[in-house]
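Working notes, beginning with the structure itself.
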Amino acid sequence: KGAEEAAKELGNVEVIYTGPTDTTAEGQIEVINSLIAQNVDAIAVSANDTDALVPALKKAMQRGITVISWDSGVAPEGRQLHLNPSSNPLIGNMIIKLAADNLPEGGKVAVLSATTTSTNQNIWIEEMNKVMGNYPGIEVVGTVYGDDLADKSYREAQGLMQTYPDLDAIIAPTSVGIVAAARAVEDAGKVGQVNVTGLGLPSEMAGAIESGASKSFAIWNPIDLGYSATYLAYELATGDAEAAPGAEIPMGRMGKLTLDDNNEGAMADPFVYDESNIDEFKSIF
Amino acid sequence: MQVSLTTPPVAHVTADAAPVLRLEGITKTFPGVKALDGVTLELYPGQVTALVGENGAGKSTIVKTLTGIYQPDGGTISLGGAPVHFATAQDATAAGITAIHQETVLFDELSVAENIFIGHAPRTRFGLIDWPKMRRDAQEILSRIDADLDPDMPLRELGIASKHLVAIARALSVDARVVIMDEPTAALSHKEIEELYELVERMRAEGRAILFISHKFDEIFRIADRYTVFRDGQHVGSGLISEVDEAELVRLMVGRSVDQIFPQRAHNIGDEVLKVVGYAHPTEFDEINFTLRRGEILGFYGLVGAGRSELMQALFGVTKPSKGAVRIDGQVRVIRSPAEAVENGIVYVPEDRGRQGAVIGLPIFQNVTLPSLAQTSRHGFLRLSEEFALAREYTERLDLRAAALDQDVGTLSGGNQQKVVIAKWLATKPKVIILDEPTKGIDIGSKAAVHGFMAELAAQGLSVIMVSSEIPEVLGMSDRVIVMREGLIAAELEGEALTPENLVRHAAGIGARP
Amino acid sequence: MTSFLRSREAILAAAILALLVLISSRFPAFVEPGNLARVFTDTSPLILLALGQTVVILTRCIDLSVAANLALTGMVCAMLNAAYPGVPVAVILILALGMGAVMGMINGLMVWKLKIPPIVVTLGTMTIYRGLIFVLSGGAWVNAHEMSAAFTGFPRVDILGLPVLAWIAILVTGLFFLGIARTPLGRAFYAVGGNPHAAVYTGIDVGRTQFMAFTISGMLAGLTGYLWVARYSVAYVDIAGGFELEVVAACVIGGISIAGGAGTILGTLLGALFLGIVKNALPVVDISPFWQLAISGTAIIVAVAFNSRSGRSKGRIILKRAEGHA
Amino acid sequence: MTDIADHQQAPRRIPDRLQGPGARLLKSWELLLFLVAVAIFTANSFASPYFLNAWNLSDATFNFTEKAMIAFAMALLIIAGEIDLSVASIIALCSTAMGAAVQYGAGTPELVLIGLVTGLACGAFNAVLVTKMGLPSIVVTIGTMSLFRGISYIVLGDGAYRGYPAEFAYFGQGYVFWVISFEFVLFALLAVLYYVLLHRTNFGRMVYAIGNNATAASFSGIRVARVKFILFLLTGLMSGIAAICLTSRLGSTRPSIAFGWELEVVTMVVLGGVSILGGSGSIPGVVIAAFVMGLVTFGLGLLNVPGIVMSIFIGLLLIGVIALPRLWAMWRH
Ligand SMILES: Nc1ncnc2c1ncn2[C@@H]1O[C@H](COP(=O)(O)OP(=O)(O)OP(=O)(O)O)[C@@H](O)[C@H]1O
Ligand SMILES: Nc1ncnc2c1ncn2[C@@H]1O[C@H](COP(=O)(O)OP(=O)(O)OP(=O)(O)O)[C@@H](O)[C@H]1O
Ligand SMILES: [Mg+2]
Ligand SMILES: [Mg+2]
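In order, the protein sequences belong to chains A, B, C and D.
Heads up: the first sequence runs through residues 9 to 293, numbered per our numbering.
Heads up: the second sequence runs through residues 15 to 528, numbered per our numbering.
Heads up: the third sequence runs through residues 6 to 331, numbered per our numbering.
Heads up: the fourth sequence runs through residues 70 to 402, numbered per our numbering.
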């Protein structure tokens with residue numbers, strides 16, 4: 009939706025949106041190949057495998073196509089720049105802060121992560137661990153993987169509550185995982201004892217906030233993300249901007265993106281949702 | 015023999031008794047075989063009609079037509095005077111016709127009681143199967159035939175004879191007007207056979223019509239009131255059993271005198287080729303010793319189920335014997351697989367042609383060259399021209415009737431399929447060829463051809479083992495005959511001793527029963 | 006009784022008990038009744054589908070389309086609920102059963118009337134049903150807030166300490182025990198798979214029976230589709246992806262012979278529970294969930310090797326004197 | 070025609086063949102499939118202006134080359150009446166083994182060797198279970214499908230192996246000549262090899278015989294278990310080769326690599342006219358089916374049809390090509 013908004017603003021842009029129907033890297037490569045074949049000017053990809061897409065994207069760049077990755081990244085050699093929805097340290101800090109804010113006395117938290125082939129979660133968890141020192145009394149007791157499958161995430165969340173009967177919070181930095189974890193908490197009758205937090209979409213989490221299974225969670229605005237990615241791809245493809253460390257590239261109403269040494273940049277801070285503002289956003293995204 | 019005891023009272027068999035079941039002009043054709051050709055059959059209430067005929071005469075086919083398993087191509091069936099049509103087996107059961115089929119049509123995973131009642135199990139008020147009643151009824155039927163079987167036992171745990179009793183119980187579970195028994199005594203022991211006879215007596219007394227198919231003349235003359243004879247799918251005679259004798263029945267069945275049809279041949283028998291010493295198998299056969307000489311035809315006779323096929327398959331390496339040795343041309347050979355048997359010059363034409371003989375789906379020439387690929391190929395690569403040449407050579411020698419050599423062997427008639435299987439083996443230039451029921455299910459013309467080239471093979475110095483259940487064939491073709499019974503060699507007959515009476519006596523164990 | 010103790014089911018039950026003892030030695034909480042009930046509830050969808058698959062395999066067929074059928078029915082139910090929140094759950098249940106049954110019938114008809122091998126038919130319909138979800142939904146998700154409370158709440162309504170989902174699994178298992186043991190159709194499944202040739206002799210229509218098996222399997226897949234979507238409160242294209250193999254695995258572990266005609270409902274139930282317990286226990290006993298796949302693979306191989314060993318038939322005995330010893 | 074004339078002159082002579090090569094070709098499945106392929110090709114070139122472009126077509130071949138390599142061996146296996154559903158998992162395990170070797174500093178030759186040997190070992194494992202223990206291959210390979218990939222997951226978890234040597238990239242990304250990729254050359258070479266193996270050697274003949282009637286084949290002196298053993302080995306080996314190509318193309322290994330490929334391979338084989346019940350089928354059929362599937366997915370890809378919708382077409386194609394002739398026969402009756 010955001011991509012179309014940007015396209016309209018820019019005027020001469022046509023957006024081909026394919027996927028997310030291919031969950032395997034091999035499938036994404038086929039899609040990229042067909043995009044290359046159509047001589048598109050730019051590809052903006054949210055990868056489900058950091059490395060596997062690199063050869064295909066390299067080929068695209070060799071044929072003069074602008075390649076950027078957004079949200080879930082590709083290794084640096086496979087793209088010109090990467091747009092992070094937010095900076096990784098910020099997210100890492102945010103997710104643990106959300107848990108800690110509700111645990112003034114400290115407590116045990118566990119992480120429910122996503123699929124085994126996406127890198128985002130691991131980076132965030134890494135960043136989170138770096139700042140653990142700032143939250144005394146909070147103990148991360150374990151990390152499990154729900155593969156971004158509703159049923160598996162649900163089961164893993166159940167498992168966490170059994171293994172650690174005195175668990176205080178589950179952090180799920182994945183939109184599938186957080187919904188499933190909230191369900192599991194509700195079904196286990198542990199609303200109030202176990203707080204679910206992490207990254208999720210207001211539309212999916214509205215129920216969990218209402219029931220109290222989740223006190224708060226965070227997310228960036230996906231519409232803004234699509235908008236920014238489209239804008240960046242346009243700027244690079246038209247040659248108006250160049251992706252190099254330190255460069256500042258405009259992205260319309262979202263301001264400018266500043267690239268770091270890895271040609272990565274962060275869009276904006278994640279935004280926190282709780283019962284005070286959930287109703288306002290749940291019908292938007 | 016207690017013939018006098020069971021000679022039926024003449025009052026039963028009056029000429030004006032109306033048949034309860036009447037089949038007229040029934041025709042049934044299978045690809046390549048006319049199994050039934052306008053046959054007529056009548057069954058009378060309170061009488062046992064014996065149906066006799068050679069293997070493949072069409073006896074089982076008429077049973078299947080009568081029980082709704084096959085649909086006849088033509089003709090009428092009338093029950094109690096009214097024409098009937100059976101689309102499924104259940105229709106026939108509902109009309110009061112029940113059968114013990116020749117092949118076991120039972121379910122290994124189901125219990126004895128259920129095997130008896132499947133398709134017509136007693137139901138409760140709610141339409142559910144009433145297990146307690148089914149068990150009780152099964153128990154009752156089993157005790158009626160004196161079968162000491164637990165109704166709850168899974169069938170797979172029973173031996174073949176017990177399974178046969180279950181099949182009999184199944185037929186009796188229906189209150190039927192017409193009871194058909196297709197070779198019911200073939201798998202039973204002496205005691206069980208006696209009990210079966212008593213049962214037939216009882217059913218006759220109850221006024222049921224019974225069709226009794228058997229190859230054993232003694233039992234036919236003991237329990238039947240009437241007879242009907244089929245030959246090659248045709249009705250060739252029927253009447254009261256009291257008005258025929260054994261010789262007349264045989265004449266009707268065979269329809270020709272024995273020496274007329276079998277080829278004359280020179281008996282120039284050479285050295286010993288094969289010697290089997292002390293062959294044994296835990297469940298199939300024991301103490302098998304015999305020799306085979308060059309140019310000889312050795313017959314193996316026995317009732318169906320005597321274990322001949324198992325012995326031959328062990329010689330061919332399909333099953334492993336537990337003891338014993340084989341010498342070929344004086345040297346001890348170990349044969350663990352058919353491949354090794356072929357390498358040692360022993361080949362086997364199986365009884366079950368469709369399953370073990372011809373590779374249906376492959377063309378004729380590929381069937382013929384299958385064991386000879388090493389000959390026709392070069393460095394493992396096929397040479398089609400060589401294959402066609404080899405296939406042509408042997409199929410033409412056997413006078414195969416086919417449209418082309420690349421025709422699927424499945425489209426040939428039974429006899430011609432048999433020729434393909436034999437051609438396949440002749441092409442390997444074997445020392446010993448084993449033919450298991452070589453003319454089973456083959457029409458008369460092809461039979462003569464098969465007999466003709468058997469004689470020719472022997473004349474050329476090949477040694478032949480022929481397993482056959484047909485007495486005329488055994489007598490007409492063999493130089494020497496081994497009779498098997500219950501997995502053992504019962505007798506070895508030669509020269510003067512080779513008479514039908516001797517064969518039957520040893521095969522059935524009459525006078526030899528311990 | 007002794008024959009039961011030697012049966013596949015008893016051995017599988019013993020294996021499950023051993024597994025539970027092993028887990029409880031380290032994590033006593035796992036075997037608390039409350040948790041076992043949760044494990045059972047969690048395994049309920051697998052049980053439902055495995056029961057349907059059982060009758061299909063009994064008739065010498067296989068149904069690879071169950072997971073896709075589940076997902077399609079689930080999506081349709083979810084979309085219906087999102088569009089018309091007022092439609093009562095009873096109607097949705099009937100719709101789910103009916104839609105699932107129709108998809109099963111399509112499989113069954115192709116097997117029965119066109120004589121296409123079941124594996125080819127269901128391989129094809131598996132991709133078609135799955136693709137239709139995308140066509141219907143345009144790839145969009147139906148999320149919790151779009152579903153009505155009655156819709157998502159139904160499977161988790163608590164009756165006597167167990168959620169409705171678990172009760173449905175118990176009810177259907179009960180129906181299967183009854184239906185397989187006490188109805189002519191139930192017995193026909195065994196007859197058709199065990200000896201299709203002989204089935205004809207007893208007046209059973211082989212193709213029709215297979216058709217019925219596919220219909221039942223499809224119907225259960227449809228029912229599970231609604232329950233699944235309601236339970237996890239989300240419907241999207243990939244739900245239950247690859248679940249069909251887990252379903253077949255449950256049957257195989259439960260001793261259902263892939264050659265047809267052999268196996269029991271109890272076996273399937275135990276096979277599904279075995280997989281369910283393993284799946285639920287791994288996160289608890291802190292074995293990496295990455296072990297799960299290898300463990301279920303090994304279980305399948307061990308089960309099939311074991312079943313073929315115990316199921317070897319004795320064969321017939323010609324040598325009369327050998328009969329006594331064998 | 071001449072054959073029949075001969076037949077009339079010498080009545081007892083049986084002609085070699087009933088129909089000439091032309092008539093046989095006309096009735097063949099391969100021709101039907103070839104026409105389908107041509108139709109799809111034509112439709113694609115009208116539907117998308119980007120279709121008729123050498124580089125694009127070359128890219129399109131990657132959609133099927135690796136799967137087709139496995140499909141060749143799978144075709145033989147299915148013709149012989151068995152099946153191997155573990156092929157995609159063998160790829161995962163081979164790729165994992167190679168990735169692990171990279172961490173120990175293995176060079177390209179060692180990697181290739183490890184990939185092939187791992188594939189063979191997996192094939193041998195299946196073969197022993199099926200031919201020595203007499204277990205049904207469909208169940209065994211559903212089991213090993215979980216087991217092999219499961220081992221990859223145990224080894225790798227959510228990690229990945231990368232850092233493959235630069236030369237290793239050649240197998241999946243190299244071009245032999247202009248737009249002709251190494252993978253395509255390998256595919257073509259294997260197609261010829263398998264054609265010869267199945268249609269021109271004794272071994273191929275035995276495969277057909279076994280598939281049509283394993284008992285009769287065994288009764289004809291064929292060592293059935295040995296032939297099947299070799300076929301499982303071949304399937305494992307081909308999966309190893311496919312693993313080398315795919316790993317090279319992706320430049321990294323994750324346990325989810327090639328997920329779901331087993332069904333695509335089986336679909337390709339069945340679409341190629343191989344009877345799932347065994348006994349019939351041909352390599353040319355499988356080759357054309359590979360092209361058909363590649364063309365369908367690439368053509369629809371150019372129209373930006375999502376992958377999942379493409380699978381509907383593949384599913385319909387699979388059922389349709391089998392059902393339509395039967396429906397036609399029923400309708401004419
Ligand atoms: N299903 C079938 N398909 C093809 N041919 C068949 C079939 N059933 C029987 N025949 C053929 O029909 C003929 C009659 O067979 P049938 O079984 O009726 O003989 P039979 O008199 O019962 O012989 P036996 O004494 O050996 O039991 C045989 O030539 C047989 O090969
Ligand atoms: N496992 C079995 N259960 C029931 N019947 C069987 C079984 N195996 C074989 N039979 C039946 O036994 C009969 C033949 O047995 P077998 O071939 O061993 O005996 P045989 O002495 O060689 O007789 P023949 O060669 O004349 O048939 C066949 O009619 C066959 O259908
Ligand atoms: Mg008969
Ligand atoms: Mg025999």
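Quick reminder that beta carbons are idealized off the backbone N, C-alpha and C, glycines included.
Taken from the Cβ of Val105 of chain D, every heavy atom of ligand 1 lies 6 Å or farther away. The region 493-502 of chain B makes contact with the region 299-319 of chain B, as at least three CB pairs between them are under 8 Å. Cα atoms of Ala87 of chain C and Leu162 of chain D: separation of roughly 43 Å, rounded to the nearest angstrom.
Straight through space, the alpha carbons of Glu250 of chain A and Gly305 of chain D are spaced by roughly 48 Å.
Those residues of the region 361-382 of chain D placed with their C-beta closer than 7 Å to a C-beta in chain A are Thr366, Phe367, Gly370, Leu371, Asn373, Pro375, Gly376 and Ile377, ordered along the chain.
With contacts defined as CB atoms closer than 7 Å, Val193 of chain A and Ala158 of chain A fail to qualify as a contacting pair.
Contact note: Tyr277 of chain D reaches chain B through Val373, Gly375, Leu376 and Gln380, using a C-beta cutoff of 9 Å and chain order.
Ala214 of chain A is positioned such that its CB atom lies no closer than 7 Å to that of Leu120 of chain A. The shortest CA-to-CA distance from Lys42 of chain B to any of B:Ala64, B:Ile227 and B:Thr75 is the one to B:Thr75. Rounded to whole angstroms, the separation of the alpha carbons of Gln170 of chain A and Ala15 of chain C is 29 Å. For Tyr237 of chain C, the nearest CB of chain A lies under 7 Å from its own CB, placing it at the interface with that chain. With a threshold of 6 Å, the Cβ atom of Phe44 of chain B counts as near ligand 1, since some heavy atom of the ligand is closer than that. Apart from sequence neighbours up to five positions away, the residues of its chain that approach Tyr195 of chain C with a beta-carbon distance below 7 Å are Leu63 and Gly266, ordered along the chain. In chain order, Phe330, Val332, Pro352, Tyr362, Pro364, Gln370 and Gly371 make up the part of chain B whose C-beta sits under 8 Å from the C-beta of Phe288 of chain D. For a Cβ distance threshold of 9 Å, residue set Asn148, Ala149, His150 and Glu151 of chain C lies close to Ser211 of chain A, ordered along the chain. The C-beta distance from Thr205 of chain A to Ala107 of chain A rounds to 5 Å, short enough to fall under 8 Å. Taking a C-beta distance under 7 Å as the contact criterion, Ile52 of chain C and Ala277 of chain C qualify as a contact pair. At a cut-off of 6 Å, the beta-carbon of Val94 of chain C does not count as near ligand 1: no heavy atom of the ligand is closer than that. Pairwise C-beta distances place the region 317-332 of chain D out of contact with the region 292-305 of chain D, as fewer than three of them are shorter than 8 Å. Counting C-beta pairs with one atom in each stretch, the region 277-286 of chain D and the region 369-376 of chain B have three or more that are closer than 8 Å, which means they touch. For ligand 1, a non-hydrogen atom lies closer than 6 Å to the CB of Ala71 of chain B. Gln380, Leu384, Pro385, Leu387, Ser391, Gly394, Phe395, Leu396, Phe402, Arg406, Thr409 and Glu410: these are the residues of the region 379-411 of chain B whose beta carbon lies less than 7 Å from some beta carbon of chain D, given in chain order. Less than 7 Å separates the beta-carbon of Met214 of chain D from that of Ser155 of chain D. For Glu508 of chain B, the enclosing beta strand (DSSP E) starts and ends at Leu502 to Glu508. In the DSSP secondary-structure assignment, Met498 of chain B is bridged to B:Ile503. Put simply, the CB of Gln170 of chain A is near chain C, with a gap under 7 Å to one of its CB atoms. Straight-line measurement puts the Cα of Pro210 of chain A at about 30 Å from the Cα of Leu228 of chain C. Ligand 1 has a heavy atom closer than 6 Å to the beta-carbon of Thr75 of chain B. For the region 311-333 of chain D, the beta-carbon criterion of a distance under 8 Å to any beta-carbon of chain B is satisfied by none of its residues. Note on Asn270 of chain A: under 16 other CB atoms within 10 angstroms of its CB, so exposed under the neighbour-count rule. For Met480 of chain B, there is no enclosing alpha helix (DSSP H); the residue is found in the beta strand (DSSP E) stretching over Ser477 to Val481. The three-state reading of DSSP puts Met399 of chain D in helix, counting H, G and I together. Under the 10 Å beta carbon count, Glu151 of chain D is surrounded by 16 or more other beta carbons and is classified as buried.
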